[in-house]
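Some notes on the structure that comes next.
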Amino acid sequence: MVERQKSEPGTDQQAASVEFRGVTKIYGKTVTAVDDISLQIATGTLVTLLGPSGCGKTTTLRMIAGLEMTTSGSVWIGGVDVTKLPATDRDVSMVFQSYALFPHMSVLENVSYGLKFSGFNKVDTKKRALAGLDLVGLADYGSRLPSELSGGQQQRVAVARALVLEPQVLLFDEPLSNLDAKLRRQVREEIREIQQNLGLTVVYVTHDQEEALAVSDRIIVMNNATIAQDGTPRDLYEKPANRFVADFIGEANNLVCRITAIKDDTAEVKLGPYTIKLPARGMKEGAAYLAVRPNKIVLGPASATNAIPGKIVRITYVGNHLELTLSTDLGDIFAISGNVDAPFRPDEAVGVTFAAKGPVLLRD
Amino acid sequence: MRNASILRTTHPALNLWLMAGWVGLLLIPWYGVEDGFFSFEWLFGGYPFDADFSPALFLMLAGKKLWLAPLFPLALGPLFVLGRTRTDPLFAKVLIICGALGFGYLIGQGFSIGLRGWQFGWLEALFGPLGDRQFGMGYGAMLVASAFLFMFTQGIAARGAVNGDIFVVGAIGFIIAIVSIFVFFPILNMLSSAFITEENTYSIAVFFDKFTDRRLWGLGCLSGGRCGAAWNSLVLAIIVGATTTVLGLVFALVVTRTGFRFKRILRAMTVLPIITPPFVIGLAIILLLGQSGAITVFFADLFGIRPTRWVYGMPGIIIAQVLAYTPIAFLVLIGVVEGVSPSMEEAAQTLRADRWHTFRTISLPLMRPGLANAFLLGFIESMADFGNPLVLGGNFDVLSTEIFFAIVGAQYDQGRAAVLALVLLGFTLSAFFAQRFWLGKKSYATMTGKGDSGMHPLLPKGLAIPVLIAALVWTAFTLVIYVMIVYGSFVELWGVNNNLTFKNYLTAFSLDFSLGDRMWTGSAWDSFWTTLKIAAIAAPLTASVGLVTAYLLTRQKFAGKNVFEFGTMLSFAIPGTVIGVSYILAFNVPPIELTGTGIILVVSFIFRNMPVGVRAGIASMSQLDKSLDESSLTLGANSWQTFINIILPLLRPAILAALVYSFVRAMTAISAVIFLVSAKYNMATAYIIGRVENNDFGLAIAYSTTLIVVMLTAVGLLQLLVGRTRIGRRTALLQTSKTQKVTR
């Protein structure tokens, strides 16, 4: 037996880390689904793979599961090279987007299924399966068929079925996409709670940025088969690495700007007539982009001098805030105003400025 | 817990096969035992020292058959790597080398040394004359060959082929090996005779001479003469394929999508023709529509016209084949029609499609794989059918009978038979490719892992009524045919002496209890018991081989998959007559000597009927979402356990179809069987044809009726055994009982 890498202190013994080293996956001869990515997922954390459809996140997940084999590079789970191991031999379980509950088995049989192959005797299997169902609040539903459950219940059965195996890594493939919005928030909180209580290592795939921000310890944003950025939810939101991330996580106005001077890591940024001082983030003078969140846009009087002149095109009332579309020389700007009683009117001329903290300079 | 398995150094599957290999080398007689292995008489006849029953080891010790010696070190090799892990490169290398060399050497020496020493001149020139000879291989050799084969596949798997899956790689290797031995080898063996001249040399001219024969491609029928057998077969097969597909669909629709009350009866009715030896329908049609047939005579008397022989030829064959093969189309289509996800249809209805539109634009296109499969089956079955053209053909020549007469008739022209077989093969393969082209690359999976809650809509009225009428008319006609068969079995001599009698049954199935052990005095008992035994052995084997193949084709990706599929489907495209003849030629001599045994019958049934299992399996499996397998895999089941626990239970309808079909076909097949039966292993159908040739129609029909009853019983038992899968789809019944469930 090769010695397993030491678990990090304070985490559950069962869970393990995941590591990709230069992994590439090519389908057929030409289609590159994943292009030379390396990543590390620490034990006991919930990491989300986030990106638009076709970015390679599901392929990445399936390579962790062993359902796809890498074209090159290696996959490590718990410090062991599992690159060549098929799904059966990896200590990983997965919750499928379609749930993939076996339609010919009762709920209890579904949950017991994996336990049967893990060497538990009948009594233990039943005990653990029932405990698993209890954990997701479906203890009384063991004898039902999957088709006799609602979508949310089916989803929880799928989670229970994967959980009872106490896998080193638990994978979720867009688990909430078939649920309605209210249920979605509830279930994702349940998943997060179970993950934290049991100290599980969870890899979670979604294309919903809000879901990713809410549930993750860390988010890996993918785009075009590569990793666009890897960081905590706050990092991604506040310090996006590029325009794609800035726009994909929580929407941003990406504006063309010019850095005119840099001093002590502070850049002087010019957008038309408007000048603002921002953290330089290691950038040099010259053309750059500025990502500004809609809620960091401040609207002042049209007469203001240090501001971008603009005009209100559209105002939408959405309950707890106003959504405004502004037309400026830099292009359309989308803004949010928390003050729903503000006396804005369509076609009104305004001076657009940004909050001191919030706008982020981007290289590309 | 699962982590432990990653680096284990135990290899249960390998241990098993190594053990089997060594048992084969040390304990089991190497060569075929003349009196049958399973009589175990050899145990008391000088085993293990008598050379006839010696295992390889004792042959070596006695200094005989020394060419077997290299097998020992090759079987020894893998023992040294047993202690290594799977990922160790040496482990894979040793297994691959030993397995490939062992298997290859075993096959090679088998073909090189025959009854008269060296088989090839150049070997004799190289090694000098051989003083010894060798007979057909036995169970010892078979075990060792399997052991080497699976050693090899496990080596390949250890190197990472198909994700390192032992079961899948082993299954692929196994199917390739048996298909090569029992399909490709005999066929190639026989087709090479298409180029053999009378002087035993090879020549292309001979082939072209026979290929361009007017009897094959003539178009005389367009101007009142006779057409070539090739055109006849083609037109016939297209008509029969299309008609059976339409009728099969009609029945499937009536059963699943109408409020018709007697569905169960209809369902049962459709099974009738499938359990009938095909030529019996031909006989019944003669009793009904022949020159002295009941209907013919009735109308002749009514209108005062002379009875004609109109039914002999194309019309008769079409009627008989459509009757015979519609149930096959039905069995294929029912699974597909039921498999179309109701939510698709419900979605269409909510998109403002009326029932007719829904059917035409959603249900029907989703059934395309089923329709294509059904047509292909009908087409090939018609091409390969031998019994009906023989009974009803008259002057209408088709390829299958022509082949039979080329071999059996006075002409005895092996070359011509081979050329005809090539033409036949060309047609069936074209149909096969046309089907693949039509289906294209679209995905037809509609059953996902989520329990599908919905109901199939009823057929639109405008469609339901004609469909129902067609089904009823067809059913009525079938009923009449069967009444004729049963009635005919009690008639003394049709058309001559129409008195009713039990004589036919008594001759065939009389019992005399006073004789104790030899109480089976009826003339048919022998062939009857043989048939039952062979069919019972062949059916589960056929179904398993077929479904495993279907699983590999739909669920696994591996290099050469298309070739693999082609190979497994090929045996179906080869008519029984050709299989029969080629088996006789290939397996009459060592190394595989099977003629005159029951094994050759079982083997021929497996490879004749396996494609039905494959097709039925593929059609149903392509409607099971792949995430079901994948979730099973990620839950720690290996692919074998997934196959057993997930795929098979969800495929019960396909399994039933495969089992029923292979059992029944084994009992009713005639074309291949007639070449392969022997005095010891005579089959019912061969016996009946013999009676027909002696004009003993009464006994023939009585025997056939008995067979039908027996098969009905068997089908019923199978249905009970396999049961119906609870897919958990809400039916109307379930929905009404749901409220009760909640209150409970």
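Sequences listed follow chains E and P, in order.
Sequential numbering from 6 applies to the first sequence in the working numbering.
Sequential numbering from 3 applies to the second sequence in the working numbering.
The beta-carbon is built from N, C-alpha and C at its ideal position, and this holds for glycine as well.
Return the residue from the list the options that minimises the CA-CA distance to residue i.
i, options, result
"phenylalanine 607 of chain P", "P:Ala420, P:Leu76, P:Pro344, P:Ala671", "P:Ala671"
"glycine 389 of chain P", "P:Gly337, P:Gly318, P:Leu373", "P:Gly318"
"glutamate 595 of chain P", "P:Arg259, P:Ala179, P:Ile183", "P:Ile183"
"phenylalanine 137 of chain P", "P:Met153, P:Val146, P:Thr155, P:Gln111", "P:Gln111"
"glycine 343 of chain E", "E:Asp337, E:Gly324, E:Phe359", "E:Gly324"
"leucine 61 of chain P", "P:Trp32, P:Asp37, P:Pro280", "P:Trp32"
"aspartate 213 of chain E", "E:Arg248, E:Leu241, E:Gly255", "E:Gly255"
"asparagine 300 of chain E", "E:Lys268, E:Ile338, E:Thr333", "E:Ile338"
"glycine 638 of chain P", "E:Thr206, E:Ser123, E:Ala217", "E:Ser123"
"valine 192 of chain E", "E:Val208, E:Pro172, E:Gln158", "E:Gln158"
For a contact meaning CB atoms closer than 9 Å, what does residue i contact in chain P?
i, result
"arginine 166 of chain E", "Ser633, Leu637"
Name the two residues that bound the continuous beta strand (DSSP E) containing residue i.
i, result
"tryptophan 81 of chain E", "77 to 82"
"serine 98 of chain E", "97 to 100"
"asparagine 397 of chain P", "Unbroken run through asparagine 397 of chain P: none, as it is neither H nor E."
"glutamine 234 of chain E", "231 to 236"
"asparagine 258 of chain E", "258 to 268"
"threonine 330 of chain E", "327 to 333"
Considering only their Cβ atoms, is the gap separating residue j from residue i smaller than 8 Å?
i, j, result
"alanine 312 of chain E", "valine 357 of chain E", "yes"
"phenylalanine 349 of chain E", "isoleucine 317 of chain E", "yes"
"valine 97 of chain E", "leucine 176 of chain E", "yes"
"methionine 192 of chain P", "serine 491 of chain P", "no"
"valine 164 of chain P", "glutamine 558 of chain P", "yes"
"glycine 61 of chain E", "valine 39 of chain E", "yes"
"leucine 678 of chain P", "proline 188 of chain P", "no"
"leucine 27 of chain P", "alanine 58 of chain P", "yes"
"alanine 77 of chain P", "glycine 104 of chain P", "yes"
"phenylalanine 645 of chain P", "valine 185 of chain P", "no"
"leucine 304 of chain P", "alanine 296 of chain P", "no"
"isoleucine 483 of chain P", "alanine 688 of chain P", "no"
"valine 23 of chain E", "isoleucine 42 of chain E", "no"
"proline 459 of chain P", "arginine 362 of chain P", "no"
"glycine 600 of chain P", "threonine 544 of chain P", "no"
"isoleucine 620 of chain P", "threonine 556 of chain P", "yes"
"glycine 284 of chain P", "glycine 396 of chain P", "no"
Determine the chain P residues that contact residue i at a beta-carbon separation under 8 Å, and present them in chain order.
i, result
"valine 250 of chain E", "Within 8 Å Cβ-Cβ: nothing; valine 250 of chain E doesn't reach chain P, min ~30 Å."
In chain P, what lies closer than 7 Å to residue i by C-beta?
i, result
"glycine 119 of chain E", "Leu637, Gly638"
"valine 28 of chain E", "The premise fails here: valine 28 of chain E is roughly 16 Å from chain P at the closest Cβ pair, so nothing lies under 7 Å."
"lysine 89 of chain E", "Thr89, Gly162, Gly166"
"leucine 181 of chain E", "Going along chain P, no residue has its Cβ under 7 Å from leucine 181 of chain E, so there is no contact; the nearest lies around 14 Å."
"leucine 170 of chain E", "Leu637, Gly638"
Which residue comes first and which comes last in the alpha helix (DSSP H) that contains residue i?
i, result
"asparagine 499 of chain P", "Unbroken run through asparagine 499 of chain P is the beta strand (DSSP E), 499 to 502; no alpha helix (DSSP H)."
"tyrosine 484 of chain P", "463 to 491"
"alanine 92 of chain E", "Alanine 92 of chain E -> no alpha helix (DSSP H), and no H or E assigned at all."
"phenylalanine 305 of chain P", "296 to 305"
"phenylalanine 1 of chain P", "Any answer about residue 1 of chain P is impossible in this case: the structure gives chain P only from 3 up to 746."
"glutamate 195 of chain E", "186 to 203"
"asparagine 191 of chain P", "187 to 193"
"lysine 682 of chain P", "Lysine 682 of chain P -> no alpha helix (DSSP H), and no H or E assigned at all."
"tyrosine 507 of chain P", "505 to 511"
What does residue i touch in chain E if you count any residue whose Cβ is under 7 Å from its own?
i, result
"serine 629 of chain P", "Phe101, Ser103, Ala105"
"isoleucine 646 of chain P", "Within chain E, no residue comes near isoleucine 646 of chain P; the closest Cβ sits about 11 Å away, beyond 7 Å."
Against residue i, what residues of chain E qualify as contacts under a CB-to-CB distance less than 9 Å, listed in chain order?
i, result
"glutamine 643 of chain P", "Thr93, Lys121, Phe122"
message: For the stretch 224 to 237 of chain E, list every residue whose C-beta sits within 9 Å of some C-beta in chain P, in sequence order.
response: Under the 9 Å Cβ criterion, the stretch 224 to 237 of chain E contributes no residue.
task: Name, going along the chain, the residues of the stretch 307 to 339 of chain P whose beta-carbon falls closer than 7 Å to a beta-carbon of chain E.
output: The residues in question: there are none.
message: Along the stretch 93 to 112 of chain E, where does the CB come closer than 9 Å to a CB of chain P? Name the residues.
response: Along the stretch 93 to 112 of chain E, going in chain order, the ones with a CB nearer than 9 Å to a CB of chain P are Thr93, Asp94, Arg95, Asp96, Val97, Ser98, Met99, Val100, Phe101, Gln102, Ser103, Tyr104, Ala105, Leu106, Phe107, Pro108, His109, Met110.
- prompt: Using a beta-carbon distance cut-off of less than 7 Å, what residues from the stretch 68 to 80 of chain E approach chain P?
  reply: Listed in sequence order: Ala70, Leu72, Met74.
Residues, ordered as in the chain, of the stretch 651 to 680 of chain P that lie near chain E by beta-carbon distance below 7 Å: Answer set for the stretch 651 to 680 of chain P: Pro651, Leu652.
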